[in-house]
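Numbering (the UniProt record's numbering), first residue to last: 1 to 464.
For glycine and all other residues, C-beta sits at the position ideal for the given N, C-alpha and C.
To start, the structure itself, in structure tokens.
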């Protein structure tokens with residue numbers, strides 16, 4: 001069927017709709033046509049000069065009206081003349097008759113458009129029904145939902161289940177999915193990823209990630225390298241198979257002061273040696289986002305100095321949870337990995353650059369870095385090895401240094417941030433049991449505040 005859109009746009013629109021919408025609109029059109037037919041019959045009965053017409057062959061047809069617009073194809077017939085009302089020629093009647101003639105002229109679609117403009121109520125045959133979607137109930141265990149793919153407005157979800165299916169005007173077959181509702185962030189199964197690397201890969205930006213380790217909420221530093229760079233540096237490192245551990249021992253954390261009291265060593269330094277010769281290492285997530293966060297997991301350790309800050313050999317690794325509390329994750333060996341490039345350091349978050357710069361400036365073990373930066377500034381060139389060795393051994397404190405100068409030295413590649421690979425080689429279950437047994441009976445020694453000695457006054461009388 002060929003329809004002219006300018007004469008009958010409603011008919012053209014019906015052909016473009018689906019079968020269900022076509023059936024609904026045809027039903028509405030039939031209702032409208034029957035309503036118009038009854039209205040036209042009533043108006044014709046009131047008109048004294050209504051022309052006689054019928055369904056027969058002798059029925060007259062107006063020359064200005066296209067054939068078929070009121071013909072039998074649409075089920076409309078011109079009402080028969082009525083003789084019950086006397087004729088009148090008043091101006092009001094003539095104006096009403098002219099208005100009726102204008103309303104009854106034209107095609108069905110044109111009359112419907114005129115009625116739509118005159119009536120404040122929108123005709124039901126020209127309204128489009130929207131798809132009705134029933135969202136799943138989050139508490140319903142039979143309903144599951146998971147991402148189907150990203151669109152311009154966001155991720156769309158497919159729903160399966162028997163209690164709350166998606167209902168739309170058109171039938172859509174969705175694949176069966178098993179991700180729980182609401183969708184939770186994907187947790188990588190690779191054991192070589194650290195919290196810092198996950199922070200950037202999941203959110204697309206570097207941000208602090210809170211962890212819950214041993215029942216303690218730990219704030220981890222932002223990612224200091226991409227997930228791909230961390231995986232490349234950890235190539236060859238594997239997760240250590242930890243033996244079966246009592247669930248009660250898995251969440252055993254301890255205080256640094258207890259370790260120093262029970263096993264010996266320094267309770268403040270980042271690394272120490274116990275009485276039996278074991279090496280203890282105490283890195284913190286606040287500065288080291290790529291530390292192991294599970295038993296036997298490999299990790300990465302950042303170091304500003306080229307020289308190691310711990311004794312060489314096997315280390316019992318304790319990761320920092322909160323101030324003064326640590327958690328044993330295994331026995332590790334550390335080997336030097338690929339250092340950070342200047343480009344990788346420049347990608348660090350600004351807060352981490354300044355945190356590390358302050359740490360370097362205020363610690364004695366980074367004296368070689370501070371000496372090199374100050375000498376470059378004073379000599380306006382790279383110092384020789386002899387000059388550096390002589391300056392490191394002198395009594396100058398090199399405190400005339402700003403954090404921005406330290407950051408600039410690393411961004412320009414004059415100083416290098418070193419990276420150490422951490423590989424688990426064992427897990428001391430007996431040592432963990434000893435911590436648990438001794439810590440239950442540990443009574444911390446209260447700190448004694450030292451009284452300040454009185455300062456001698458400069459106004460003391462002579463001879464005293």
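Open item on the list: Which residue marks the beginning of the beta strand (DSSP E) containing residue 315, and which one marks its end?
Closed with: 315-322
Task: Heavy atom of the ligand MN within 6 Å of residue 395 beta-carbon - done: Among the components modelled here there is no ligand, and therefore nothing to report on the ligand MN.
- [ ] Taking the CB atoms as reference points, tell me whether residue 316 and residue 368 lie closer together than 7 Å.
- [x] Taking 7 Å as the Cβ cut-off, residue 316 and residue 368 do not qualify as a contacting pair.
- [ ] In angstroms with no decimal places, state the Cα-to-Cα distance between residue 236 and residue 436.
- [x] 33 Å
- [ ] Compare the C-alpha of residue 230 against each of 296, 344 and 260 and name the closest.
- [x] Comparing alpha carbon positions, the residue from 296, 344 and 260 closest to residue 230 is 344.
Open item on the list: Rounded to the nearest angstrom, what separates residue 415 and residue 409 at their Cα positions?
Closed with: 6 Å
- [ ] Report the option in 352, 300, 356 and 321 whose CA atom is closest to the CA atom of residue 332.
- [x] 300
Task: Beta-carbon spacing of residue 298, residue 329 below 7 Å - done: no
- [ ] Inspect the beta-carbon positions of residue 253 and residue 321 and report whether they are closer than 7 Å.
- [x] yes
TODO: Enumerate in chain order the residues of its own chain whose CB-to-CB distance from residue 391 is below 7 Å, with the five nearest sequence positions on each side excluded.
DONE: 371 and 375
TODO: Reducing DSSP to helix, strand and coil, say where residue 22 ends up.
DONE: In this structure, residue 22 counts as helix in the three-state DSSP scheme.
Task: Span of the beta strand (DSSP E), counted from its first residue to its last, around residue 356 - done: Careful: residue 356 lies outside any beta strand (DSSP E), inside the alpha helix (DSSP H) at 350-362.
Open item on the list: Determine whether the beta carbon atoms of residue 285 and residue 318 lie at a separation below 7 Å.
Closed with: no
Open item on the list: I need the DSSP call for residue 310, collapsed to helix, strand or coil.
Closed with: coil
TODO: Go to residue 328, then tell me how far its beta strand (DSSP E) extends in each direction, as first and last residue.
DONE: 325-336
Open item on the list: Restricting to Cα atoms, I'd like to know which of 218, 217 and 259 is closest to residue 443.
Closed with: 259
TODO: Pick out whichever of 234, 23 and 241 has its Cα sitting closest to the Cα of residue 426.
DONE: 241
Open item on the list: Would residue 411 pass as an interface residue toward chain D - the criterion being a Cβ-Cβ separation below 7 Å?
Closed with: This model lacks chain D altogether, as it is built from one protein chain only.
Task: Spatial distance of residue 250 from residue 324 (CA atoms) - done: 19 Å
- [ ] Going by CA-CA distance only, name the one from 22, 228, 269 and 347 that's closest to residue 363.
- [x] 269
TODO: Return the CA-CA distance between residue 22 and residue 37, expressed in angstroms with no decimal places.
DONE: 22 Å
TODO: On a CA-only basis, which of 404, 313, 439 and 432 is nearest residue 246? Give me that one, please.
DONE: 432
- [ ] Run the CB neighbour count on residue 128, radius 10 Å, all protein chains shown included, and call it buried at 16 or more, exposed below.
- [x] Bear in mind that the predicted position of residue 128 carries a pLDDT of just 45, short of 50, making it unreliable; the figure below should be weighed with that in mind. Exposed: under 16 other Cβ atoms inside 10 Å.
TODO: Assign residue 288 to one of two classes, buried (16 or more other C-beta atoms within 10 Å of its C-beta) or exposed (fewer than that).
DONE: buried
- [ ] In angstroms with no decimal places, state the Cα-to-Cα distance between residue 336 and residue 217.
- [x] Residue 336 and residue 217 have their alpha carbons spaced roughly 30 Å apart.
Open item on the list: Helix, strand or coil, according to DSSP, for residue 288 in the structure here?
Closed with: In the three-state reduction of the DSSP assignment, residue 288 falls in the coil class, being assigned neither a helical nor a strand state.
- [ ] Note down the Cα distance separating residue 352 from residue 388, rounded to an integer number of angstroms.
- [x] 27 Å
TODO: Determine the contact status of residue 404 and residue 366, defining contact as a CB-CB distance below 7 Å.
DONE: no
- [ ] Report the rounded CA-to-CA distance for residue 349 versus residue 358, giving the unit in angstroms.
- [x] 15 Å
Open item on the list: Here's the rule I'm using: 16 or more other beta-carbon atoms within 10 Å means buried, otherwise exposed. How should residue 302 be labelled?
Closed with: buried
- [ ] Return the chain-ordered ranges of every beta strand (DSSP E) run that is complete within the region 206-258 and spans a minimum of 3 residues.
- [x] 209-213, 216-220 and 253-255
Open item on the list: Let me check understanding here. Comparing Cα to Cα, which of 440, 39, 340 and 398 lies closest to residue 360?
Closed with: 398
Open item on the list: Tell me which residue opens and which closes the alpha helix (DSSP H) that residue 375 is part of.
Closed with: 367-379
Open item on the list: Can you tell me whether residue 386 is buried or exposed? The criterion is at least 16 other CB atoms within 10 Å of its CB, across all chains shown.
Closed with: Classified as exposed, residue 386 has fewer than 16 neighbouring CB atoms from the shown chains inside 10 Å of its CB.
Task: Buried or exposed by the 16-neighbour rule on C-beta atoms within 10 Å, applied to residue 413 - done: exposed
Task: Best match in 257, 377, 418 and 243 for proximity to residue 308 [C-alpha to C-alpha] - done: 418
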